[in-house]
Structure formats: structure tokens, C-alpha cells
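**Student:**
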Amino acid sequence: MLSSINPRNGTEIGKTQIVSREEVYKKVALAREAQKEWGNKPIRERLHHLRNLCHLLSEKAESFSELIMQETGKSLVDALTGEILPSLFWIDYVCRNSERLLAPRKISSGFLFSHENVVTFDPLGVVGIITPWNFPVYITLTSAAAALAAGNTVVTKPSHLTPLCILKLEEIIEEAEFPPGVFQVIPGDSTTGSALVEAGIDKIVFTGSVEVGRKIAMECAERFIPFSLELGGKDPMIVLEDAPMPRTVHGALYGGFCHAGQICMSVERIYVAEPIAEKFVQGVVEETAKLQLGKEISPIQSQEQLLKIQTQVQEAIERGAILLVGGKRVDSPGNFYPPTILFDVPENVALLKEETFGPVIPIQIVKDEEEAIRLANASSYGLTASVWSRNLERAKKVAEQLHAGSVYINDNLTPAANPHAPWGGVKESGTGKQRGEWGLYSMVSVRHFGWNRFLFAKDPFWFPRTKKQEKLALSLIRGLFSRKFQDKLAGLWDALKAF
Ligand code: NAD
């Protein structure tokens, strides 16, 4: 049995039955059966259900957010702007664009002038979606809406910490009159997740930690199941000396402390140019001191996570980092940790190398942008990064040199809600893309159909092998790819004769 605990006050808000391995297999079999009809429906019909879902979600935004707040500890604003709104933007994008993007497409026949070619975008079958606790609804819908529009059916395993939100989503999806078996939820733990990977599905989309992502990649590789991994981050923020103030200070606080830093793309390192460092650090410290636990700062989801944050901060301080604000747990109900700023953190401590997933920002002074770029890239992660400067051209040049899936200028977090933009990290932050047209294409099998319009007895290179074929092949190569125009002409003329 899973117990959902409100991290704000430690009270239990509900219990959920764990789905057994046998039940996971049954649900996948039902999804496979349902897919036959769902995948054969005209895309417009499938989109009609998604449009319904969009309307229902917007009507239920406030009541659904109540549950999201209770299970994740988010504030109402964070639930509305981080879960409901981006989900609506994405479903709306899918409804507006997938019919066009997924329509069969004629492609060029190249030099095979007698041929015609078409590419189709067919459903993969059953897509398994495994999600983390921090954005249960948005992350589930990001993959599910694309998968469903493309004609797949979905079986999803929510985090053991947030099953109620996704069971509620299943209810709303039922209300949107999706046929039975098209979207199913399997609450459970890591065993349930493993069972889903083993149950004969056609793709896994996993969002979560690097550690579990690596295991899933290996299990998928054994079974040749395509997978996409959306993993953790250690996202750097580069503040150049001409950064816009006070926006950069407020941006640092939002990027680092929104949802208490429990966002994959939270700002987890700041590199600030020397000339502006004092003003920037002073601003950040002053503004951080104004933030209130329970209002701006959400609770930490679990005791285990709280301990990890404390350990990283403690180690950094013991190794010489300067604590500027926060750093000590206050005695209060719920798992709260104060917003914390550390300065001059030694390079090889866990706080600078591993994901913290808490409201902690280490700030380092850099002498120039080269040093900022070098330090920002010195990480095994590469999810997002941000550059802050009034000089857009300069900021773009810095941005281009950062190893990350998304780089934002004078902004953070919010641009990731753009449904047109691709989402997905590099290095240990993952592989594969979600959202935008890339998200839709990640949910299809791309197939090529080609046919010859002329039904001659034989084509030029069919059997038997002859000298004439050799001459034809060589003439074609010369005719198509010679440097000089005369050689091309001669080659084509020879090819024509041989043909
Ligand atoms: P987690 O890796 O602990 O769990 C994620 C999911 O995997 C859960 O549903 C869990 O039950 C399941 N799971 C665990 N072991 C499994 C196994 N062996 N086989 C199959 N499934 C298994 O992550 P979490 O603590 O829920 O979430 C936090 C992490 O997620 C952070 O690292 C964060 O950065 C990352 N994250 C990444 C993105 C992104 O888009 N890149 C978004 C949100 C969160």
C-alpha cells in the first residue's frame, strides 16, 4: 500500500493499492488490444478527445491544483503555472499541430525518376511512461498527449509519492471519453516500474534520477525497446558584468528557490563576473532573507531528500565554503529547509558536482566569461543553463558555448513551458526530446514506402552482372559528382548511352 503524505505538515492524505506485476501485464495486454482501434481512428477523432481533456482540465484547474498542492507541497501559484497551464499549452499545441505534422508526406525520389516515395508516421503501439514526483501532471501529459495523438495507448507509472494526482488525472481522462484501455495508471514503486519495462511495451519514456535512468536504459537495451530519458541537472547561471539589475537578482531567486529548488532545471550554480559580484551577491542575500517558508518556499518532499540537502551543505561548509544566508533547519512541522546561499565553494565538493534538488545556491566569482563557460561546462549534467547580460549578441555567443539541451538568456524556468520548444538534456541529463514537433516524432515509427511506376521486365542493375552495368555505374558517378561541368556532361551522356 502506498501512503501519500502532505510534506507541508506530515499528514496522510490517502492510501493507494500497489498494482501487482501480474496486474501490470494485464493492463499492458489491455492497452495493446485497445491500441488496435485507437490507432486506426482518424487523427481528428483522437484529437477531439484531447481537446475535451483540455477543456476539462481548465474547468477543474483549481480543484485539481488543491490535490497537486497536497501531494507535492507546491503553492497554488506553482501548481497552476507549473502543472496546469503548461499542460494546457502543450495539449493545445498537439491539437493544433499533430494532424499536419503526422500526415503522410511525399518525399523526393532523388535520381530514381521512375519512383514515388511516401513517409508515414505510424503509432509505436503501447508507450510506457514512468514519472517522478515533482511535476506529476505536466510530465505525464507531456508524453501522454503526444503518444495518444499519434495513435498509441499509454500505461503510466507515477512516483510512489504522488499516485493520487495521476489517479485523478485518469478520472479526468475517462470523463473526456477516451475509450477504455487507452490511458491506464499503475500506481506502485520501483518493482512496478521494472514490471512495466518487462511487460512487452514498445517504448519507455522515463523522467527521474540519473541512477534509475541508467538502470532503465540497460533494461531497455536488453529488450531493444526504444527509450527516452529526462534526467537530473546541475544547471549553471552565468551573470556577466552588464547583467540587467535588479532582474538578475530576482531571476536567481526564482530559478533557485521555486518549488524549493526541487525542479530538474533549478539554478544550482551561479558564476558571477567580478565587477558586478558584490552588488549581485548583496542583492541576492537581501532578497533571500525576505522569502518565507511555506509561502514562497515549499517544503522538501521527503526526509531522505532533506537529509541529502543538509549533508551537501554541511560538507561544503566544512571544506571552506562561506555560508551567507540560511543553512540551518528551522524547527517547524513539515519538511522545510531555508533558502540558502553559499559563497566560494571549493570545486570538488558534492554541492557543486551532484544534483542538490533543494533551495541551495552556491555562488562563485569568475574573472571573465571564458572562466564562467569552463566552470559551467565542467559538469556531468547538461539540462539547461542561463546567461544574463544586457548585450544580447554577447550573451548569445556565451550561450552557444554551453553544453546544455536548452540555454536561456535573461530568463530561466519559464521558457521551458513553451510547447513549440524541444525539451531534453545532454550528457547525464538524458537522451531524446519531448515537446514541439520533436516530441510528436518521438512517439511514432517513421516508415518509408517506395514504388516504381514503370513495370519494365528488369531494372538496369538487376541480375545478371555485366560489363555494361559497370560502365553505367561509373558513368553515373562521373555524371553526378564530377568537379568539372564538362566531365559531368560526358558522364551523363555515357550513362544515357549505357542505359
Ligand atoms: P526517481 O528516479 O527516484 O523516480 C522516478 C520514477 O522511477 C518513479 O516513478 C519511481 O518509482 C520509478 N523507479 C524507481 N526505480 C525504478 C526501476 N528500477 N525501474 C523502473 N522505475 C523505477 O526520481 P524522483 O525522485 O521521483 O524525481 C526527481 C528526479 O527527477 C531528479 O533527479 C530530477 O532532476 C528528475 N527530473 C527530471 C526532469 C526532466 O525533464 N529532465 C523533470 C523532473 C524531474
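Read in order, the letters of the sequence shown are residues 119 to 617 in the numbering used here.
All residues carry an ideal CB built from backbone N, CA and C; glycine is no exception.
None of these values were measured; they are calculated from a predicted model.
Report yes if the C-beta distance between residue 349 and residue 547 is below 8 Å; otherwise report no.
**Tutor:** For the purposes of this step, residue 349 is taken as residue 231 along the sequence shown, with counting starting at 1. For the purposes of this step, residue 547 is taken as residue 429 along the sequence shown, with counting starting at 1. Yes, the pair counts as a contact, with Cβ atoms nearer than the cut-off.
**Student:** With distances taken Cα to Cα, identify the nearest neighbour of residue 402 among 470, 455 and 478.
**Tutor:** By one-based count along the sequence shown, residue 402 stands at place 284. Comparing Cα positions, the closest option is 478.
**Student:** Alpha carbon to alpha carbon, how far is residue 268 from residue 220?
**Tutor:** On the sequence shown, residue 268 is found 150 positions in, with the first residue counted as 1. On the sequence shown, residue 220 is found 102 positions in, with the first residue counted as 1. Cα to Cα, the separation comes out at about 7 Å.
**Student:** Starting from residue 471, follow its DSSP beta bridges and name the residues at the other end.
**Tutor:** As a first step, residue 471 is located in the sequence shown; it is residue number 353 there, counting from the start. Beta-bridge pairing links residue 471 to no other residue.
**Student:** Using beta-carbon positions only, say whether residue 415 and residue 475 come within less than 8 Å of one another.
**Tutor:** Translated into positions along the sequence shown, residue 415 becomes position 297. Translated into positions along the sequence shown, residue 475 becomes position 357. Not a contact, by the Cβ cut-off of 8 Å.
**Student:** So, at 7 Å on beta carbons, what are the nonlocal neighbours of residue 211 in its own chain, with the 5 sequence-adjacent residues on each side left out?
**Tutor:** Counting from one through the sequence shown, the residue named residue 211 turns up at place 93. 537 and 538, listed in sequence order.
**Student:** Going by C-alpha to C-alpha distance, which of 208, 170 and 241 sits closest to residue 564?
**Tutor:** Position 446 of the sequence shown, counting from 1, holds the residue named residue 564. Here the closest residue by C-alpha is 241.
**Student:** Is any beta-carbon of chain C found at less than 8 Å from that of residue 537?
**Tutor:** Here chain C cannot be found, since the structure has a single protein chain.
**Student:** In the DSSP output, what is residue 541 paired with across the bridge?
**Tutor:** Looking up residue 541 in the sequence shown gives position 423. Paired residue(s): 552.
**Student:** Heavy atom of the ligand NAD less than 7 Å from the Cβ of residue 530, yes or no?
**Tutor:** On the sequence shown, position 412 is the one that residue 530 refers to. Checking the Cβ of residue 530 against the ligand NAD gives no.
**Student:** Starting from the N-terminal side, write out each stretch of the beta strand (DSSP E) that is 3 residues or longer and does not extend beyond the stretch 196-251.
**Tutor:** With a minimum length of 3 residues, the continuous beta strand (DSSP E) runs that stay inside the stretch 196-251 are 223-225, 233-241 and 244-248.
**Student:** What do you reckon, is the C-beta of residue 473 under 7 Å from a heavy atom of the ligand COA?
**Tutor:** Only the ligand NAD can be found as ligands here, which leaves the ligand COA out of the picture.
**Student:** With a threshold of 8 Å, are at least 3 pairs of Cβ atoms found where one atom belongs to the stretch 557-577 and the other to the stretch 527-534?
**Tutor:** Too few Cβ pairs lie closer than 8 Å, so no.
**Student:** Starting from residue 563, trace the beta strand (DSSP E) in both directions and tell me its first and last residue.
**Tutor:** Start at 1 with the first residue of the sequence shown, and residue 563 comes out as number 445. Its beta strand (DSSP E) spans residues 562-570.
**Student:** One question on the structure: do residue 131 and residue 122 come within less than 8 Å of each other, judged by their Cβ atoms?
**Tutor:** For the purposes of this step, residue 131 is taken as the residue at position 13 of the sequence shown. For the purposes of this step, residue 122 is taken as the residue at position 4 of the sequence shown. Yes; because the gap between Cβ atoms is below 8 Å, this pair is in contact.
**Student:** I'd like the list of long-range same chain contacts for residue 167, defined as Cβ closer than 7 Å, with 5 residues on each side in sequence excluded.
**Tutor:** As a first step, residue 167 must be located in the sequence shown, where it is residue number 49. Cβ neighbours of residue 167 beyond the five flanking positions: 294, 295 and 296.
**Student:** Count the C-beta pairs between the stretch 387-403 and the stretch 425-432 that are closer than 8 Å, then say yes if the count reaches three, no if not.
**Tutor:** Taking 8 Å as the limit for Cβ pairs, the verdict is that the stretch 425-432 does not touch the stretch 387-403.
**Student:** Considering only the beta carbon of each residue, do residue 311 and residue 248 sit closer than 8 Å?
**Tutor:** Reading the sequence shown from its first residue, position 193 is the one you call residue 311. Reading the sequence shown from its first residue, position 130 is the one you call residue 248. Cβ distance < 8 Å, so residue 311 and residue 248 count as in contact.
**Student:** Which residues bound the beta strand (DSSP E) around residue 483?
**Tutor:** For this step, residue 483 is matched to residue 365 along the sequence shown. It spans 478-484 - the beta strand (DSSP E) in which residue 483 sits, taken as one unbroken run.
**Student:** Rank 373, 204 and 318 by C-alpha distance to the C-alpha of residue 541 and give the top, closest one.
**Tutor:** Here residue 541 corresponds to residue number 423 of the sequence shown, with the count starting at 1. The candidate whose alpha carbon is nearest that of residue 541 is 204.
**Student:** For a test of the three-state rule: what should DSSP assign to residue 119, helix, strand or coil?
**Tutor:** Taking the sequence shown and counting its residues from 1, the one referred to as residue 119 is at position 1. Correct three-state label for residue 119: coil.
**Student:** Under the criterion of a Cβ to heavy atom distance below 7 Å, does residue 249 qualify as lining the ligand NAD?
**Tutor:** In the sequence shown, the residue the question calls residue 249 occupies position 131. At least one heavy atom of the ligand NAD is nearer than 7 Å to the Cβ of residue 249, so yes.
**Student:** Looking at C-alpha atoms only, which residue of 120, 134 and 191 is the closest neighbour of residue 413?
**Tutor:** Sequence index remark: in the sequence shown, residue 413 carries index 295 (1-based). It is 191.
**Student:** Can you name the start and end residues of the beta strand (DSSP E) that residue 387 belongs to?
**Tutor:** As a position in the sequence shown, residue 387 is number 269, starting the count at 1. Segment 385-391, the beta strand (DSSP E) holding residue 387.
**Student:** How would you label residue 223, buried or exposed, when you count the other beta carbons within 10 angstroms and need 16 or more for buried?
**Tutor:** The residue you call residue 223 lines up with position 105 of the sequence shown. It is exposed - the Cβ of residue 223 has fewer than 16 other Cβ atoms within 10 Å.
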